[in-house]
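Take a look at the structure below.
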Amino acid sequence: MKMKSFLLAAITAAMLLLDASPLWTQGEPISLQEIWRREDIDLKYSTVCKQGRVVRMAKQNTFPKPPTFYLVDLRTGEDVYVTEPNTEIWLFANYLGDKFYVYNYIDTILREYDKETKELLRELSNIPISEIGSRFISPKNEFAQFDRGSHMFLFRDLFTGIVKDSFQIAGSPQDPQSLISWGMDYTIDSRYFNFTSHWLLDKNSPNTFHIYDRQTREIIFKRVTPGSSNFRYQYFNTSNKIAFAEEVQLPGDDKVYSYLRVFDPDTRTIVKDIKISEYPNLTFVINADDTKLIFRVSDPNQNNVNQLYNLKDEKFESLKFKVSAFLADTNALYSWTGLALIAYKFDWTVGVEDIIPQEENIIYPNPTNGTVSLNIRPEFIMGEWIISDMQGRILKKGLIGHSNILEINISDLVSGTYYVTVIGKDKKYSHKILKL
1258 MKMKSFLLAA
1268 ITAAMLLLDA
1278 SPLWTQGEPI
1288 SLQEIWRRED
1298 IDLKYSTVCK
1308 QGRVVRMAKQ
1318 NTFPKPPTFY
1328 LVDLRTGEDV
1338 YVTEPNTEIW
1348 LFANYLGDKF
1358 YVYNYIDTIL
1368 REYDKETKEL
1378 LRELSNIPIS
1388 EIGSRFISPK
1398 NEFAQFDRGS
1408 HMFLFRDLFT
1418 GIVKDSFQIA
1428 GSPQDPQSLI
1438 SWGMDYTIDS
1448 RYFNFTSHWL
1458 LDKNSPNTFH
1468 IYDRQTREII
1478 FKRVTPGSSN
1488 FRYQYFNTSN
1498 KIAFAEEVQL
1508 PGDDKVYSYL
1518 RVFDPDTRTI
1528 VKDIKISEYP
1538 NLTFVINADD
1548 TKLIFRVSDP
1558 NQNNVNQLYN
1568 LKDEKFESLK
1578 FKVSAFLADT
1588 NALYSWTGLA
1598 LIAYKFDWTV
1608 GVEDIIPQEE
1618 NIIYPNPTNG
1628 TVSLNIRPEF
1638 IMGEWIISDM
1648 QGRILKKGLI
1658 GHSNILEINI
1668 SDLVSGTYYV
1678 TVIGKDKKYS
1688 HKILKL
């Protein structure tokens, strides 16, 4: 009876491996290997500096004492700096993340430090730091001050406090308590600036996301979201483009779908639409070189599962995992669970595959307890192959010869699920195999 159940399970697993459903619904989520973990239930996520790989966390103190701020190096999980709440109130990094700033509200001095050496570089006075907004610094070392009385944004030089330019939000009422703004950020050349606003006196009022062109001095992009939700967006790391999530029915669609859309502020046009699901998008993040993005949708059949889209090759990839990341590095993902700050090892090449017709995608026997054979297409002849586990660790590798049949002995591997990946000159694909 046990043997019959085992064979049934093996046959079922093999059928699942050959599932021909859309690529972004295939495969089981893999586990990711932790690099470091930092647990503190009192810490809350605040802001991240993508270029410098540092994150600011905050811990609330008893009123009227201000929060304690922590600047954490994401490469190690260690503190770069912790504020003293009896004297210090603001802590933030510059755009590149190689310097950070601490404001002392007793002597009203803004101090600049080197992130690596912790050396004090300079002391700045007469900086209106209390209105530095969300503490995002532009690549040109500017900060945006929102003046509630005039409903104007003032762009000040970080080191002198001098106003370099300004603009008033059109249509703002004159009640200084009716509008608040947050989420201020800049593109890589400082030209474009975004902010979000809503009417403070009506908690159900919608949030409005804006992109402002500082060169032409006008709003060039606007999106309105319900008062209970935030606009989901990510600036690219190597260009001025911005990706954003939107549930919309585009021409040719039979209903509303969840899209990830790419807006180019230089041309003021939507340059890419990626249809990801019939379910709403929950979150997404772009990796460091802008070639891929991780997204998650509220699919009840794929609960808390992240999936990948290849921006460079314009295709979905089969790799899935359950880690919710706020920053994607070249070889790591950084996650905040609400209880812990965690860094995970991540290999962007594991699980990459093309959509290949099923008759050309033959791997047998699968499941197997010894040797597995693959039909090799011409473009993969003289390529290479690797066997990796569900954590992305490479266990075996070798070269593909002139034959269109590749045989790999996996009898020495323990029972479990693995990836076999074949790599050609400019493409690769992976299959799951079940070792009995």
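So for the sequence shown, the numbering used here puts the first residue at 1258; every next one is plus one. Note that the Cβ used here is the ideal one computed from N, Cα and C, for glycine as well. Computed from a prediction, not measured in an experiment: that's the story for all the values here.
Counting C-beta pairs closer than 8 angstroms gives fewer than three between the region 1342 to 1359 and the region 1286 to 1302, which falls short of the contact rule.
Closest in alpha carbon position to threonine 1524, among Asn1497, Asn1632, Glu1535, is Asn1497.
Three or more beta-carbon pairs separated by less than 8 angstroms are not found between the region 1453 to 1468 and the region 1506 to 1515, which leaves the two stretches without contact. The closest CA to that of lysine 1356, considering only Ala1597, Gly1595, Arg1368, is found on Arg1368. Here DSSP, grouped into helix, strand and coil, assigns phenylalanine 1403 to strand. In chain order, Ile1657, Val1679, Gly1681 place their CB closer than 7 angstroms to the CB of phenylalanine 1637, counting only its own chain and leaving out the 5 sequence neighbours on each side. Around the beta carbon of lysine 1549, 16 or more other beta carbons sit within 10 angstroms, so the residue counts as buried.
For alanine 1500, the uninterrupted beta strand (DSSP E) segment begins and ends at 1499 to 1505. As far as DSSP is concerned, threonine 1444 takes part in no beta bridge.
Contiguous beta strand (DSSP E) elements confined to the region 1463 to 1489 occur at 1464 to 1470, 1475 to 1482, taking only those with 3 or more residues. According to the DSSP assignment, threonine 1540 belongs to the beta strand (DSSP E) that extends over 1538 to 1543. Residue environment: tyrosine 1621 is assigned as exposed (fewer than 16 neighbouring CB atoms within 10 Å of its CB, all protein chains considered).
For asparagine 1351, the number of other beta carbons within 10 angstroms of its own is at least 16, and it is reported as buried.
Only residues of its own chain outside the window of five on either side were considered, and among them Pro1324 have a CB closer than 6 angstroms to the CB of glutamine 1317, listed in chain order. The criterion of a C-beta distance shorter than 8 angstroms is not satisfied by serine 1423 and leucine 1415.
Non-local C-beta neighbours of glycine 1418 in its own chain, meaning closer than 7 angstroms and more than five positions away in sequence, comprise Asn1383, Ile1384, Pro1385, ordered along the chain. The C-alpha of phenylalanine 1493 lies about 11 angstroms from the C-alpha of tyrosine 1443.
Assignment of phenylalanine 1410 by DSSP, reduced to helix, strand and coil, places it in the strand class. Beta bridge pairing from DSSP links isoleucine 1651 with Ser1645. In this structure, phenylalanine 1578 lies near asparagine 1563, with their beta-carbon atoms less than 8 angstroms apart.
If you draw a 10 Å sphere on the C-beta of leucine 1377, you find fewer than 16 other C-beta atoms in it, and that means exposed. Within the same chain, Tyr1514, Tyr1516 come within 6 angstroms of lysine 1532 by CB-CB distance, once the 5 residues on both sides are set aside. Residue state for glutamate 1636 is assigned as helix, using DSSP reduced to three classes. In the DSSP annotation of this structure, the continuous segment of the beta strand (DSSP E) that includes leucine 1348 starts and ends at 1345 to 1350. Taking a contact as a CB-CB distance under 8 angstroms, the pair lysine 1372 and valine 1337 counts as one, their CB atoms being some 6 angstroms apart. By the CB criterion at 8 angstroms, leucine 1693 and threonine 1628 fall outside the cutoff. In summary, proline 1522 is buried, with 16 or more beta-carbon neighbours lying within 10 Å of its beta-carbon over all protein chains present.
DSSP, reduced to helix, strand and coil, places glycine 1673 within a strand of the structure shown. Judged by DSSP secondary structure, histidine 1455 falls within the beta strand (DSSP E) whose first and last residues are 1449 to 1456.
Phenylalanine 1520 and arginine 1332 have their alpha carbons spaced roughly 31 angstroms apart. Put simply, the region 1475 to 1484 does not touch the region 1533 to 1541. Fewer than three CB pairs are less than 8 angstroms apart. Secondary-structure assignment with DSSP links tyrosine 1566 through a beta bridge to Leu1550, Phe1573. Taking 8 angstroms as the cut-off, the Cβ atoms of valine 1677 and isoleucine 1690 count as close.
For glutamate 1341, there is no enclosing beta strand (DSSP E), as DSSP marks it with neither H nor E. Look at serine 1668 here: in three-state DSSP terms it is coil, with no helix or strand label. In this structure glutamate 1574 is buried. Its beta-carbon is surrounded by 16 or more other beta-carbon atoms within 10 angstroms.
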